[in-house]
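Heads up: the structure comes next, in C-alpha cells.
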Amino acid sequence: MMVVMMNSATARKLGVGQGSKVKLAGGGGEAKALVHIYEGVVPGAVSAPLGMGHTVGDEFSKGKGDNVYKILTVTSEAATGASVWNGSTVNVTKM
Amino acid sequence: MQTKEFRIKWGMVIDIDKCTGCGACMVGCQVENNIAPMTKKDPYNYLQAITKDRDDASNKLRTMTWMNVYELTNGEKFPNHEVAYLPRPCMQCGNPACVPVCPVIATDKNEEGGIVSQIYPRCIGCRYCMAACPYHARYFNWWDPLWPEGMDKVLSPEASVRPRGVVEKCNFCHTRFMTAKEEARINGEDPENLAEDAYIPACARSVRPVPSPSAI
Numbered sequence: 004m005m006v007v008m009m010n011s012a013t014a015r016k017l018g019v020g021q022g023s024k025v026k027l028a029g030g031g032g033e034a035k036a037l038v039h040i041y042e043g044v045v046p047g048a049v050s051a052p053l054g055m056g057h058t059v060g061d062e063f064s065k066g067k068g069d070n071v072y073k074i075l076t077v078t079s080e081a082a083t084g085a086s087v088w089n090g091s092t093v094n095v096t097k098m
Numbered sequence: 006m007q008t009k010e011f012r013i014k015w016g017m018v019i020d021i022d023k024c025t026g027c028g029a030c031m032v033g034c035q036v037e038n039n040i041a042p043m044t045k046k047d048p049y050n051y052l053q054a055i056t057k058d059r060d061d062a063s064n065k066l067r068t069m070t071w072m073n074v075y076e077l078t079n080g081e082k083f084p085n086h087e088v089a090y091l092p093r094p095c096m097q098c099g100n101p102a103c104v105p106v107c108p109v110i111a112t113d114k115n116e117e118g119g120i121v122s123q124i125y126p127r128c129i130g131c132r133y134c135m136a137a138c139p140y141h142a143r144y145f146n147w148w149d150p151l152w153p154e155g156m157d158k159v160l161s162p163e164a165s166v167r168p169r170g171v172v173e174k175c176n177f178c179h180t181r182f183m184t185a186k187e188e189a190r191i192n193g194e195d196p197e198n199l200a201e202d203a204y205i206p207a208c209a210r211s212v213r214p215v216p217s218p219s220a221i
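So, in C-alpha cells, the structure goes:
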C-alpha cells in the first residue's frame, strides 16, 4: 500500500496517527494509503509519492505504491491554457 | 580496551551534513553484493513446511541493508523540525564485539587492512554476533535468495551469494580490495602497500561524482 506523509498537526486534525489507513479522495478518484508522520510536511498537506506505483509486474513489483495522478485535479492555466495540477486538493478520511 | 592494530587500516569518513538521505549508497551496496530483493510470494519454495513465510521489504526487521541510512530528527514539530541522515555500514570496530562471541570463528579481524571478515561457509547461524553488535549492522538470511525472473543471470561475479541460515554484513567491499591487490600484482606493485584510494567501497562509489583514474 502506498505510504503518504503528513505532519502531526494535520494528523491530529484528521484523527489519524502513525500507520493509520486513510482514503484520499480527489480529482474524481480515490486511493488508499498508510500514514507516516513526518514533521517536514507543511500543515494541511499530504505528501504522496508521484510516479511510484505498479499495477502490473511480477511478485516483486505488482501492487506496490499507487497511481497518485488519479486523485489530482487538473485545471487549465489562464494565460496559456496548459494543464496544471497544482490546485489539487484531496479529502482525507480515516478508514 | 585494546584495539587490534594493523599497518594499514581501511576506513571511510561520512559527512553527515552532506548526506541527503537519498539511499543511493544502500542501493549500490545491495547491487554490488548480490542482495536479493524481497517478496512475500515464493512459487519455488519446496521447503515451505519448515521455513518461515517470506516477507517483503515493508518489514524493516528483515530487509538486508548492509549499508543502512537512519533518519535522525530533533523531535521538534513543524516548522522547527530538523533532520539529519546517518549512513551506517559495518563500523569495522577496532575491538569488535562480534568477534569473540562467534563459536566457530566465522568472523574475525585478522587480515592486514583491518576489515572484519565474515566467512559464510563457516557460519552456523547462531546469530550471537547479531546480538553482540551494538550497531545492528549484521543481518541474517531467513530465506534463500529469490531473484526476479532473469536477475540471477546478471549478478556480480565477484560477490558470493549466501544461503539461508547464514549471517552477513558489510565487508567494506572486500571483493574490490582483492581486485585492487590483483591490479597491483599485475602492475608489479606491492599488493600489501596499496595507495590510499586504490579502491573505494560501492557505497562511497555511488555518491562520488567523478571516478579517479585508477578507481574501481
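From first to last, the protein sequence lines stand for chains A and B. According to the working numbering, the stretch in the first sequence is residues 4 to 98, in order. According to the working numbering, the stretch in the second sequence is residues 6 to 221, in order. For glycine and all other residues, C-beta sits at the position ideal for the given N, C-alpha and C.
Beta-carbon spacing of residue i, residue j below 8 Å
{"i": "Val171 (chain B)", "j": "Ala137 (chain B)", "result": "no"}
{"i": "Ala62 (chain B)", "j": "Leu77 (chain B)", "result": "no"}
{"i": "Pro92 (chain B)", "j": "Ile19 (chain B)", "result": "yes"}
{"i": "Val25 (chain A)", "j": "Lys97 (chain A)", "result": "yes"}
{"i": "Met8 (chain A)", "j": "Lys35 (chain A)", "result": "no"}
{"i": "Cys2 (chain B)", "j": "Cys98 (chain B)", "result": "Residue 2 (chain B) is absent from the structure shown; chain B starts at 6 and stops at 221."}
{"i": "Glu42 (chain A)", "j": "His86 (chain B)", "result": "yes"}
{"i": "Leu27 (chain A)", "j": "Val6 (chain A)", "result": "no"}
{"i": "Ser165 (chain B)", "j": "Glu37 (chain B)", "result": "no"}
{"i": "Asn94 (chain A)", "j": "Phe83 (chain B)", "result": "no"}
{"i": "Thr8 (chain B)", "j": "Asn100 (chain B)", "result": "yes"}
{"i": "Gly26 (chain B)", "j": "Val74 (chain B)", "result": "yes"}
Neighbour flag for residue i against chain E, beta carbons, 8 Å
{"i": "Ala12 (chain A)", "result": "The structure shown contains no chain E; the protein chains it does contain are A and B."}
Reduced DSSP category for residue i - H, G, I as helix; E, B as strand; rest coil
{"i": "Thr96 (chain A)", "result": "strand"}
{"i": "Lys186 (chain B)", "result": "helix"}
{"i": "Arg93 (chain B)", "result": "strand"}
{"i": "Thr44 (chain B)", "result": "coil"}
{"i": "Lys174 (chain B)", "result": "strand"}
{"i": "Tyr72 (chain A)", "result": "helix"}
{"i": "Gln7 (chain B)", "result": "coil"}
{"i": "Glu76 (chain B)", "result": "strand"}
{"i": "Val59 (chain A)", "result": "coil"}
{"i": "Thr78 (chain A)", "result": "strand"}
{"i": "Thr112 (chain B)", "result": "strand"}
Alpha carbon of residue i to alpha carbon of residue j, nearest angstrom
{"i": "Trp88 (chain A)", "j": "Thr180 (chain B)", "result": "48 Å"}
{"i": "Asp61 (chain A)", "j": "Pro42 (chain B)", "result": "12 Å"}
{"i": "Arg132 (chain B)", "j": "Thr76 (chain A)", "result": "52 Å"}
{"i": "Arg143 (chain B)", "j": "Ile40 (chain B)", "result": "14 Å"}
{"i": "Phe145 (chain B)", "j": "Arg59 (chain B)", "result": "13 Å"}
{"i": "Lys67 (chain A)", "j": "Val45 (chain A)", "result": "26 Å"}
{"i": "Gly193 (chain B)", "j": "Leu199 (chain B)", "result": "12 Å"}
{"i": "Arg169 (chain B)", "j": "Pro126 (chain B)", "result": "11 Å"}
{"i": "Phe177 (chain B)", "j": "Met6 (chain B)", "result": "24 Å"}
{"i": "Ala220 (chain B)", "j": "Glu201 (chain B)", "result": "With a pLDDT of only 48 at Ala220 (chain B), under 50, the local geometry of the prediction cannot be trusted, and no value is derived from it."}
{"i": "Lys23 (chain B)", "j": "Tyr49 (chain B)", "result": "43 Å"}
{"i": "His141 (chain B)", "j": "Lys65 (chain B)", "result": "12 Å"}
{"i": "Ala4 (chain B)", "j": "Thr13 (chain A)", "result": "Shown here, chain B extends from 6 to 221; a query on residue 4 (chain B) therefore has no answer."}
{"i": "Gly84 (chain A)", "j": "Met72 (chain B)", "result": "47 Å"}
{"i": "Arg167 (chain B)", "j": "Asp149 (chain B)", "result": "7 Å"}
{"i": "Thr92 (chain A)", "j": "Thr44 (chain B)", "result": "34 Å"}
{"i": "Pro108 (chain B)", "j": "Ala189 (chain B)", "result": "35 Å"}
{"i": "Glu197 (chain B)", "j": "Leu53 (chain A)", "result": "50 Å"}
_List, from N- to C-terminal side, the alpha helix (DSSP H) runs of 4 residues or more that fit wholly inside the segment 129–159 of chain B._
133–137
_Ordered list of beta strand (DSSP E) runs contained in the segment 9–43 of chain A, each at least 3 residues_ = 24–29 and 32–40
_Taking contact to mean 3 or more Cβ pairs, one atom from each stretch, closer than 8 Å, check whether the segment 193–212 of chain B and the segment 25–39 of chain B are in contact._
yes
_Given 8 Å, three or more beta-carbon pairs between the segment 10–17 of chain B and the segment 118–126 of chain B_ = yes
_For the segment 15–22 of chain A against the segment 50–58 of chain A, do three or more pairs of beta-carbon atoms, one drawn from each stretch, fall closer than 8 Å, so that the two count as touching?_
no
_For the structure I just gave you, are there three or more beta carbon pairs, one from the segment 139–155 of chain B and one from the segment 184–199 of chain B, closer than 8 Å?_
no
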